[in-house]
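Below is one structure, written out as structure tokens; comments come after it.
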């Protein structure tokens with residue numbers, strides 16, 4: 001497979017990740033702490049699975065549900081997904 005045939009990969013930015021999560025938990029972006037437990041904010045396992053699949057497709061990285069569920073914070077998810085500043 002040539003580079004022209006490979007799927008297009010996207011770099012996620014920290015602001016994009018924060019906005020996506022804030023929208024899911026219905027919390028204003030500026031009030032969402034990097035270390036807040038997102039499960040306690042209302043993210044359920046179904047959403048985490050969807051996010052893992054979406055982020056895997058977008059970034060080309062393997063983003064596993066188990067990894068996100070083990071550390072349900074923005075800071076951890078940014079590290080796992082490999083977001084840029």
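In the UniProt record's numbering, the protein residues as written are 1 to 85. Positions of the beta carbon are idealized from the N, C-alpha and C atoms, including for glycine. This one's a predicted model, so the numbers in the text were calculated from it and none came from an experiment.
If you ignore the 5 residues before and after residue 38, its C-beta comes within less than 6 angstroms of the C-beta of 72, all in its own chain and listed in chain order.
Leaving aside the five residues that flank residue 49 on each side, the residues in its chain whose CB is nearer than 6 angstroms to its CB run, in chain order, 65.
For residue 49, the uninterrupted alpha helix (DSSP H) run begins and ends at 45 to 59, by DSSP.
For residue 82, no alpha helix (DSSP H) segment is defined, and its DSSP state is neither H nor E. If you draw a straight line from the Cα of residue 57 to the Cα of residue 26, it comes to about 25 angstroms.
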